[in-house]
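What follows is a single structure, written as structure tokens, with notes after it.
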Amino acid sequence: MGKLENRQQSFPVTGMTCAACASSVESILNHTEGVQSAQVNFASGSVWVEYEPQVEPADLKKALQAVGYDLIADVDDPFEAQQQEQARFYQEVKRRTWWSAILTLPVFILGMFFMDWEPGKWISLALAIPILFYFGRHFYIQAWKQAKHRKANMDTLVALSTGIAFLFSLFNTLFPEFWLSRGITPHVYYEAATVIITFISLGKLLEERAKTNTSSALRKLMGLQPKTLIAIIDGKEQEIPVEAVQQGALIVVRPGEKIPVDGSVESGHSFVDESMLSGEPVPVEKQAGDAVFAGTVNQKGNFRFRAEKVGSETMLAHIIQMVQQAQGSKAPVQKLVDKIAAVFVPVVMLISALTFVVWMSVGGDDAFTHALLTSVAVLVIACPCALGLATPTAVMVGIGLGAENNILIKDAESLELGHRVNAVVLDKTGTITEGKPDVVGLKWAKSAEVEKTQAILLALEKASEHPLADAVVRKLEEEDLSPVELKTFSSLTGRGVEATDQQDQAYYVGNLTLIQEKGIALDAALEQQAGKWQQAANTVVYFANSQQVLAVIALADRVKASSQAAIARLRKQHIDVYMLTGDNGETAKAIAAQVGIEHYESELLPDDKARFVSQLQEQGKVVAMVGDGINDSHALAQADVSIAMGHGTDIAMDVAKMTLITSDLEALPKAFALSGKTVRGIRQNLFWAFIYNLIGIPIAAGVLYPFNGFLLDPMIAGAAMAFSSVSVVSNSLRLKMSKLDA
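Position 150, counted from 1, in the sequence shown is what full-length UniProt numbering calls 150; the numbers after and before it change by one each time, with no gaps.
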């Protein structure tokens with residue numbers, strides 16, 4: 001019995017309040033027995049965990065609960081549970097923020113304008129107690145849980161700064177004579193402590209609102225699948241939950257309903273809106289044997305279909321999982337930010353302590369007061385929220401914008417790297433071309449009885465298993481023909497097929513080798529036409545009876561309508577475009593010329609494609625590979641950025657870091673434009689987050705005091721801290737408005 005594979009799953013996490021929290025959760029899970037890796041996304045409030053089969057989600061939950069966090073597991077829909085928890089938490093933050101603000105206002109007025117009014121101190125104390133220790137109690141609870149495990153986060157900074165300010169003020173209220181006897185006025189700072197709590201709560205409220213907006217694309221995807229469906233059970237229609245449906249179930253779909261799972265039509269006829277998968281606005285006709293997909297919308301007809309992929313196996317579930325994994329993945333720059341966040345809080349606490357010591361040494365008469373205020377201001381202004389939100393919010397919004405433009409991003413690394421791509425390698429079949437052959441020319445001999453022989457040709461091609469036969473059948477069926485009944489039929493390997501009709505007349509469909517082998521006459525006009533088609537890189541098929549060739553047929557894999565424009569746009573983005581194909585040189589040359597590609601390689605095996613990608617990388621190029629088949633998977637894995645076409649094989653999509661869920665190649669330059677805009681947003685966020693702390697901490701520590709007597713009030717520091725987080729999230733959300741046209 002083989003070894004069981006590791007499990008990979010995304011879990012919602014509650015209780016995280018800053019980047020240091022995310023780092024702490026990640027560290028705890030990575031040190032939990034049986035966990036191979038854990039990646040926390042602070043912006044989405046989730047963790048992507050790879051763990052061994054013997055580990056249960058309950059074990060992960062227990063490990064996090066020990067340090068004040070929680071993990072949502074063992075529920076039917078954890079992400080719906082997370083949304084409910086987020087909604088509840090948002091209302092809770094809203095309630096405590098409003099109450100904190102209402103109670104803080106009189107404390108602020110008393111502290112700023114009536115600081116010498118003795119009863120004002122007692123009123124402020126009475127109001128400060130519920131603000132700090134009821135509406136702000138979570139800061140102290142979380143800080144204590146962190147301290148027990150020798151960890152520190154934003155809550156530690158808030159608890160220390162407000163706690164010190166409150167205790168100092170309480171001492172001055174209860175024992176003013178201690179300072180008066182020393183000739184010092186006993187100031188109180190209840191307004192500083194309460195305003196800090198209120199401002200940070202307000203920042204948290206705005207942050208929660210903004211974070212909810214960043215994950216809207218994922219919720220839209222989840223909302224595509226209906227909750228219930230109509231199944232035929234014991235011959236009767238019954239409504240059952242979508243989770244209860246089994247493979248092989250017969251499902252009824254009525255007009256206007258969403259298709260609940262993947263399957264194939266058994267009976268009935270309709271048109272289905274598949275724009276969520278393909279991006280194409282025109283509904284697709286569905287009849288017996290056609291595939292249907294979860295989340296697509298039935299139009300006016302009724303049909304029944306057999307469930308083939310249910311639950312997590314459907315294409316929609318696969319897309320949702322990819323988005324979840326992508327939103328939980330980290331851009332390489334985020335890993336650097338995480339390392340900074342992990343040491344940031346201890347460093348800030350050290351700076352705060354040094355600030356206190358320095359002011360006590362050089363502060364003169366008001367040394368203690370200045371030392372206290374500056375050390376508290378340092379603790380407050382240095383909250384690492386902005387730093388922690390800088391990358392994940394931009395990545396999440398970028399991934400959501402990609403999904404809206406038919407670009408599924410599997411991990412953040414490809415999103416960050418995409419803008420650096422300077423060489424794109426395109427597979428020909430199914431990427432530049434439609435991926436299925438069509439009849440592009442059909443010429444009959446003058447002597448042929450067209451009406452009769454068309455029906456015979458249709459009968460031969462319907463009986464043939466050759467991939468090209470379907471294209472001929474599609475062409476002839478457009479003429480509303482019916483095939484004749486054949487007496488005999490046989491395949492001729494590598495050459496074509498032969499058959500006889502009811503009058504024992506022999507007919508052949510195949511290549512030129514078959515025609516020459518049978519000694520069948522080919523008139524000059526048909527031979528000339530076949531030569532022209534071959535020069536245009538078309539495949540030519542001959543249809544003949546035992547005496548003469550009756551018709552020549554040209555087949556070609558048509559170039560997609562968007563390919564030429566997409567390739568021109570890539571070149572405008574200063575990206576070199578290469579085409580690789582296993583097809584012959586003439587076909588490759590013709591297709592390359594048609595779409596404007598200068599560099600192409602033909603008759604390549606899968607390993608040759610990977611080798612070509614490697615050679616480009618050795619030249620210093622950042623290479624993106626775009627393909628759709630199993631034969632492209634090696635090259636996709638080799639490339640710096642791997643991109644699969646959404647209609648391609650599961651293997652290609654599994655290997656690729658991005659998937660274009662449309663047949664339109666114009667999504668490709670959009671993907672690179674999206675990468676550039678997202679990375680620009682990340683850089684702007686990090687710049688402001690770093691600059692904010694680099695400027696804010698020294699000012700809070702009092703470096704301006706010797707020059708202009710300025711000291712930063714802790715409550716102003718709290719407002720600035722809240723604003724920095726909101727500004728970073730708002731900058732990320734600006735990306736939502738971006739157009740991805742170059």
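Glycine included, each C-beta is placed from N, C-alpha and C at the ideal position.
Three-way DSSP call (helix, strand, coil) for residue i in this model
i                 : result
serine 447        : coil
lysine 436        : strand
valine 252        : strand
methionine 645    : strand
lysine 330        : Bear in mind that a pLDDT of 47 at lysine 330, under 50, signals an unreliable position, so the number given afterwards is only what the model happens to contain. Lysine 330: coil per DSSP, three-state reduction.
tryptophan 117    : coil
alanine 217       : Here the model assigns alanine 217 a pLDDT of 48, short of 50, so the residue's position is not dependable, and the following value carries that caveat. In the structure shown, alanine 217 sits in a helix (DSSP, three-state: H, G or I).
histidine 370     : helix
phenylalanine 690 : helix
arginine 7        : strand
arginine 495      : coil
glutamate 603     : coil
asparagine 708    : helix
alanine 423       : strand
glutamine 83      : helix
serine 278        : Because serine 278 carries a pLDDT of 46, less than 50, the predicted location of this residue cannot be relied on, and the following value inherits that uncertainty. If DSSP states are grouped into helix, strand and coil, serine 278 belongs with the helices.
glutamate 313     : helix
glycine 627       : strand
methionine 579    : strand
valine 188        : coil
Spatial neighbours of residue i in its chain, beta-carbon cut-off 8 Å, leaving aside the 5 residues before and after
i                 : result
isoleucine 351    : Val378, Ala382, Ile697 and Ala701
proline 57        : Gln9, Phe11, Leu71, Ala73 and Asp74
glutamate 191     : Thr104, Val107, Phe108, Leu110, Gly111, Met112, Ser124 and Met715
leucine 60        : Phe11, Leu29, Thr32, Val35, Val49, Tyr51, Leu71 and Ala73
glutamate 257     : Pro226, Val297 and Asn298
phenylalanine 612 : Val425, Tyr578, Leu580, Glu601, Leu604 and Ala635
Cα-Cα separation, residue i to residue j
i                 : j              : result
arginine 304      : valine 549     : 45 Å
histidine 187     : histidine 370  : 11 Å
leucine 401       : valine 395     : 10 Å
phenylalanine 543 : valine 509     : 5 Å
alanine 143       : valine 726     : 23 Å
lysine 739        : methionine 360 : 55 Å
glycine 15        : isoleucine 661 : 35 Å
valine 261        : leucine 636    : 29 Å
glutamine 225     : leucine 460    : 43 Å
glutamine 146     : methionine 115 : 36 Å
threonine 214     : glycine 398    : Low per-residue confidence applies at threonine 214: pLDDT is 46, beneath 50, and the placement is therefore not dependable, though the value from the model is reported in the following sentence. Going from the Cα of threonine 214 to the Cα of glycine 398 covers about 9 Å.
phenylalanine 356 : threonine 97   : 30 Å
lysine 300        : alanine 288    : 16 Å
aspartate 480     : valine 440     : 19 Å
phenylalanine 489 : alanine 499    : 4 Å
threonine 173     : leucine 180    : 12 Å
phenylalanine 368 : isoleucine 200 : 26 Å
glycine 163       : leucine 202    : 19 Å
proline 53        : alanine 38     : 15 Å
glycine 45        : arginine 88    : 14 Å
isoleucine 407    : leucine 665    : 11 Å
arginine 140      : lysine 410     : Contrary to the premise, residue 140 reads as tyrosine rather than arginine in this sequence. Going from the Cα of tyrosine 140 to the Cα of lysine 410 covers about 38 Å.
serine 414        : leucine 354    : 42 Å
Whole-Å CB distance - residue i paired with residue j, under 8 Å assumed
i              : j          : result
methionine 658 : valine 679 : Incorrect: roughly 15 Å between the Cβ atoms, too far for contact.
valine 424     : valine 252 : Not quite, the Cβ-Cβ distance comes to about 45 Å (not below 8 Å), so this is no contact.
arginine 689   : serine 663 : Reading the sequence as shown, one finds alanine at residue 689 and not arginine. Contact doesn't hold; Cβ gap of about 41 Å is too wide.
tryptophan 533 : valine 541 : Rounded, the Cβ-Cβ distance is 10 Å, inconsistent with contact.
glycine 263    : valine 292 : 6 Å
Residues near residue i in its chain [Cβ-Cβ closer than 7 Å; skip 5 each side]
i             : result
alanine 536   : Ala590
aspartate 420 : The sequence given here places arginine at residue 420; aspartate does not occur at that position. The answer, listed in chain order, is Val622.
alanine 506   : Glu498, Thr500, Asn545 and Ser546
residue 744   : Given that the chain is displayed from residue 1 to residue 742, the structure contains no residue 744 and the question cannot be resolved.
serine 267    : Ala288, Phe303 and Arg304
valine 595    : Ile432, Val559, Ser563, Gln564 and Ile567
Cβ shell of residue i (< 6 Å), same chain only, five flanking positions each side left out
i           : result
alanine 530 : Val540 and Val552
serine 491  : Val497
alanine 521 : Gln548
Three-pair Cβ contact test at 8 Å for the segment 680 to 698 versus the segment 572 to 586: These segments do not touch.
At least three beta-carbon pairs within less than 8 Å, the segment 120 to 136 to the segment 227 to 236: No, they do not touch.
Cβ contact (3+ pairs, closer than 8 Å) linking the segment 615 to 623 and the segment 432 to 440: When C-beta atoms of the segment 615 to 623 are compared with those of the segment 432 to 440, fewer than three pairs fall below 8 Å, so the two segments do not count as touching.
Touching by the beta-carbon criterion (3+ pairs, under 8 Å), the segment 448 to 458 and the segment 558 to 566: In short, these stretches do not touch, since the Cβ pair count stays below three.
Segment contact flag, the segment 159 to 174 with the segment 123 to 142, C-beta cutoff 8 Å, min 3 pairs: Here the segment 159 to 174 lies against the segment 123 to 142, with 3 or more beta-carbon pairs under 8 Å apart.
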